[in-house]
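Since the structure comes first, as structure tokens, the remarks are kept for the end.
In full-length UniProt numbering, the protein residues as written are 1 to 293.
Here you go:
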């Protein structure tokens, strides 16, 4: 299916592109992409853009897609990557070899199934006394016996890129599937929060859980927890939230986590964020994979 992406530039983004085209030294490919975005913003069709700027239709398509799925910087520039020549030069610099051919590098990568261009986001901690103490506190929570009145709730967050529909989809009807338009637009980002009970990690369907909670609230059988323990790898500090002295039934939550930032670098806009590694420390000890640091 030929998916079309709508270019909607803000005034600041348009001013940035105009300043880039008016002066300064930039790569020819970057200037071409800036011209493509400005022309698409003004409503020029892809065929006219391709004929005027002497570019292919696939270049216009990729530039629009990167703008919608990432941001302006991701549309203008590509992520740098290692070539065989760069790998050979780096091997000569790091070892005692006088020279190394690109073909040798290619064969070694193929023999060992190595993919040096791939990256994995990981929590790189600053291991010190404070970090070890708080990590032990988190592990002690998992080692405790399950207590319904003191649930251990893990939570994590991840940024999500929103891509909206330009035209309203046509609902499905007998003999016809739902139809949606092939054009998208940017709708900003949001944070997705996920909570998990460490001792009862089962997943329930939304409508079943809603009906069960509604029935329990109507029947008065809901018993609030006295205290909640919330370990999280994204919590930068260990905080205590005490209840009011005049209201002893108010739940008390204690946040437990390791200091420092969860991620060593922000997620690249062109790559979907993966929160699976962040959940490693939020799983029970029997289900966690060995640490990588």
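Ideal placement from N, C-alpha and C gives every residue a C-beta, glycine not left out.
Based on Cα-Cα distance, which residue from 116, 154, 113 and 15 lies nearest to residue 139? The sequence position of residue 139 within the chain shown is 139, counting from 1. From the listed residues 116, 154, 113 and 15, the smallest Cα separation to residue 139 is found for 154.
Pick out the complete beta strand (DSSP E) segments inside the region 136-196, 3 residues or longer, and give them in chain order. The qualifying runs are 153-165.
Residue 100 and residue 110: beta carbons closer than 8 Å? The residue you call residue 100 lines up with position 100 of the chain shown. The residue you call residue 110 lines up with position 110 of the chain shown. Contact check for residue 100 against residue 110 fails: the beta carbons are separated by 8 Å or more.
Please return the same chain residues whose Cβ sits closer than 8 Å to the Cβ of residue 169, not counting the five positions on each side in sequence. The residue labelled residue 169 in the question sits at position 169 within the chain shown. Around residue 169, the same chain offers 178, 179, 180 and 181 as residues with beta carbons nearer than 8 Å, after the five sequence neighbours per side are excluded.
Count the other CB atoms, across all protein chains shown, that sit within 10 Å of the CB of residue 49; report buried if there are 16 or more and exposed otherwise. Taking the chain shown and counting its residues from 1, one reaches residue 49 at position 49. Residue 49 should be labelled buried.
Considering residue 8, what are the terminal residues of the alpha helix (DSSP H) in which it resides? On the chain shown, residue 8 is found 8 positions in, with the first residue counted as 1. Counting along the chain, residue 8 falls outside any alpha helix (DSSP H), and DSSP gives it neither H nor E.
In the DSSP assignment, find the unbroken alpha helix (DSSP H) run with residue 49 in it and report its ends. Residue mapping note: residue 49 aligns to position 49 of the chain shown, counting from 1. Bounds of the alpha helix (DSSP H) holding residue 49 are 46-53.
Identify the continuous alpha helix (DSSP H) that holds residue 72 and give its terminal residues. Numbered from its first residue, the chain shown carries residue 72 at position 72. Its alpha helix (DSSP H) spans residues 72-76.
Within 8 Å, strictly: CB atoms of residue 30 and residue 77: Walking along the chain shown from the start, residue 30 turns up at place 30. Walking along the chain shown from the start, residue 77 turns up at place 77. Inclusion of residue 30 and residue 77 in the CB contact set at 8 Å is warranted, their separation being smaller than that value.
My output table needs one value for residue 132: the three-state DSSP class, helix, strand or coil. The sequence position of residue 132 within the chain shown is 132, counting from 1. Residue 132: helix per DSSP, three-state reduction.
Going by other Cβ atoms of all chains shown within 10 Å of its Cβ, with 16 needed for buried, is residue 33 buried or exposed? Taking the first residue of the chain shown as 1, we reach residue 33 at position 33. Buried: at least 16 other Cβ atoms inside 10 Å.
Please specify which runs of the alpha helix (DSSP H), each continuous and at least 4 residues long, are wholly inside the region 80-116, giving them in chain order. Runs of the alpha helix (DSSP H) inside the region 80-116: 84-94 and 102-112.
Inter-residue spacing [alpha-carbon to alpha-carbon] between residue 150 and residue 166: Taking the first residue of the chain shown as 1, we reach residue 150 at position 150. Taking the first residue of the chain shown as 1, we reach residue 166 at position 166. If you take the alpha carbons of residue 150 and residue 166, they lie about 47 Å apart.
From what residue to what residue does the alpha helix (DSSP H) around residue 65 run? Indexing the chain shown from 1 puts residue 65 at position 65. Residue 65 -> alpha helix (DSSP H) spans 57-69.
Whose CA, out of 62, 112 and 117, lies closest to the CA of residue 83? If you number the chain shown from 1, residue 83 lands on position 83. With distances taken between Cα atoms, residue 83 lies closest to 117.
Which one of 152, 45 and 174 has the shortest CA to CA distance from residue 200? Counting from 1 along the chain shown, the entry for residue 200 is found at position 200. Nearest option by C-alpha distance: 152.
Here's the rule I'm using: 16 or more other beta-carbon atoms within 10 Å means buried, otherwise exposed. How should residue 52 be labelled? Here the question's residue 52 lines up with position 52 in the chain shown. So residue 52 counts as exposed.
Could you pull the start and end residues of the alpha helix (DSSP H) that residue 32 belongs to? Here residue 32 refers to the residue found at position 32 of the chain shown. If you look at residue 32, you'll find it in the alpha helix (DSSP H) that goes 28-41.
Mind reading off the beta-carbon distance from residue 64 to residue 39? Whole number of angstroms is fine, and I expect it under 8 Å. Translated into positions along the chain shown, residue 64 becomes position 64. Translated into positions along the chain shown, residue 39 becomes position 39. Rounded, the Cβ-Cβ distance is 11 Å, inconsistent with contact.
Contact defined as beta carbons within less than 8 Å: I believe residue 105 pairs with residue 163. What is the distance between those atoms, to the nearest angstrom? Numbered from 1 along the chain shown, position 105 holds the residue referred to as residue 105. Numbered from 1 along the chain shown, position 163 holds the residue referred to as residue 163. In fact, because the Cβ distance is near 38 Å, the residues do not count as touching under 8 Å.
With a threshold of 6 Å on Cβ separation, who are the neighbours of residue 66 within its own chain once the five nearest residues in sequence on each side are excluded? Here residue 66 is taken as the residue at index 66 of the chain shown, counted from 1. So the list reads 74 and 75, once near-sequence residues are dropped.
Leaving out five residues before and five after residue 4 in sequence, what residues of the same chain have Cβ atoms less than 6 Å from its Cβ? Mapped onto the chain shown, residue 4 falls at position 4. Excluding positions up to five away in sequence, the list reads 182 and 183.
If we call anything under 8 Å between Cβ atoms a contact, is residue 160 one with residue 196? Here residue 160 refers to the residue found at position 160 of the chain shown. Here residue 196 refers to the residue found at position 196 of the chain shown. Taking 8 Å as the Cβ cut-off, residue 160 and residue 196 do not qualify as a contacting pair.
Could you check which residue in 59, 86, 214 and 198 has the C-alpha nearest to that of residue 146? By 1-based counting over the chain shown, the position of residue 146 is 146. Distance check between residue 146 and each of 59, 86, 214 and 198 places 198 closest, using alpha-carbon atoms only.
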